[in-house]
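Trainee: Each residue of the sequence shown is one higher than the last, beginning at 64 in the working numbering. Where a beta carbon is used, it is the ideal one built from N, C-alpha and C, also for glycine.
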Amino acid sequence: MFRMTLLPFAPLMIALVWAAFVDVRTRRIRNELTLALVVTGFLQSFSTVGTTTPMGSGVGLLVGFGIGLAMLLLGGMGGGDVKLLAGVGAWMGPWGVTYTVLGAAIVGMIFVLVNATRDGTLKRLLSSTMLLVANTMQIGQIGVMEAVESSRAHVSVGRPLPYAVPVLVSATFVVLMQLGVRP
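1. Along the chain, where does the alpha helix (DSSP H) containing M140 start, and where does it finish?
2. Would you check if there are 3 or more beta carbon pairs closer than 8 angstroms linking the region 145-160 to the region 87-101?
3. With a 10 Å radius around its C-beta and 16 neighbouring C-beta atoms as the bar for buried, classify F109 as buried or exposed.
4. Are the region 163-178 and the region 223-237 in contact at 8 angstroms, needing three or more beta carbon pairs?
5. Under a three-way DSSP split, which group does F65 fall into?
6. Rounded C-beta distance between P225 and V87? I'm assuming under 8 angstroms.
7. Comparing the C-beta of L132 with each C-beta of chain D, is any distance below 9 angstroms?
8. Whole-angstrom Cβ separation of V154 and T114, contact assumed at under 8 angstroms?
9. Please work out which residues of its chain come closer than 6 angstroms, Cβ to Cβ, to G171, disregarding the five sequence neighbours upstream and downstream, and give them in chain order.
10. Given Q107, which residues of its chain have a CB within under 6 angstroms of its CB, disregarding the five upstream and five downstream residues?
11. S120 to R93, Cα distance in whole Å?
12. Given 8 angstroms as the limit, tell me if T68 has its C-beta closer than that to any heavy atom belonging to the ligand HEM.
13. Looking at the structure shown, is G287 part of a helix, part of a strand, or coil, going by DSSP?
14. Can you have a look at F65 and say buried or exposed, based on whether 16 or more other CB atoms are within 10 angstroms of its CB?
15. Just to confirm my understanding: we take L136, look at its own chain, exclude 5 residues before and 5 after, and list those with CB closer than 6 angstroms. What are they?
16. Exposed or buried, what is K186 when buried is set at 16 or more other beta-carbons lying within 10 Å of its beta-carbon?
17. Does DSSP classify S191 as helix, strand or coil?
18. Could you round the C-beta distance between A227 and L79 to whole angstroms and report it? I think they count as a contact, below 8 angstroms.
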C-alpha cells in the first residue's frame, strides 16, 4: 500500500534528485527541468491519482514562485531556485511548498553552519548574519533597496549553497509526512 501511495510523487522526487545532482555540480538548475516540473505538476493534478487538485497546483505554483522571488530579490537564492520552487508548488500545492521551503531553510542553515565551522569562517558568518538582521529591522527607515544593497556590500558569499539539495531533503520529508509516515 505504501508504494502505491508514494507512486504519484515519484516523478517529482526523481526530478528533485536530478536538480540536486546538477545544482551540486554546476550551481545552476536548467530551465528545461523546472519547466517540466511546472507543466507535469499541473497536468498530474487533473489525474485521479494526482498529488493535489488543479486549483491547489495553480496556487502552489504561485506560492512557490512568490516565496522564491522574494528570496531572490533579497539575494538569498538564484533564478533557477525560484523556478524549482514553482515546480514543487505545482506538484505539492500551497501548503506542501510552504512546508518544503521552511524545511529547506532549516536544512540549508545546517549545511551552512557545518561548512562555516569546517572552513573556519563561522565568526565572519555570524557577523554577516547580524548585519543582515540589523538591516532587515531598519527597512522601514532606510528602505528595502538600501537594506539589500548595504547587506550585499558587507556580506561576502563564498560558493553559493546548491539550494536544490535542501529542497530535495525537505520535500522528501514533506511527502512522507503527507503520506502519514512518521520519522
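Mentor: Let me lay it out:
1. Premise fails: M140 is in no alpha helix (DSSP H) and is neither H nor E.
2. Yes, they touch.
3. It is exposed - the Cβ of F109 has fewer than 16 other Cβ atoms within 10 Å.
4. With contact defined as three or more Cβ pairs closer than 8 angstroms, the region 163-178 and the region 223-237 are in contact.
5. Residue placement at F65 cannot be trusted, given a pLDDT of 47 that sits under 50; what the coordinates show is reported in the next sentence. The answer is helix: DSSP assigns F65 an H, G or I state.
6. Right, their Cβ atoms sit about 5 angstroms apart.
7. Of the chains in the structure shown, none is chain D; there is only one protein chain.
8. Position check: residue 154 holds Trp in this sequence, whereas Val was assumed. Right, their Cβ atoms sit about 6 angstroms apart.
9. Cβ neighbours of G171 beyond the five flanking positions: L224, P229.
10. Result list for Q107: G113, in chain order.
11. Within the model, the alpha-carbon separation for S120 versus R93 is close to 21 angstroms.
12. The ligand HEM is not among the ligands present in this structure, which contains no ligands whatsoever.
13. No answer is possible for residue 287: the residues shown for the chain start at 64 and end at 246.
14. For F65, the predicted model reports a pLDDT of 47, less than 50, meaning its position is unreliable and no value from the coordinates is stated.
15. Cβ-Cβ distances below 6 angstroms link L136 to nothing in the same chain once the five nearest sequence neighbours on each side are left out.
16. Looking at its Cβ environment, which holds fewer than 16 other Cβ atoms inside 10 Å, K186 is exposed.
17. S191 falls in the helix class under three-state DSSP.
18. Between L79 and A227 the Cβ distance is about 7 angstroms, and since that is below 8 angstroms, they are a contact.
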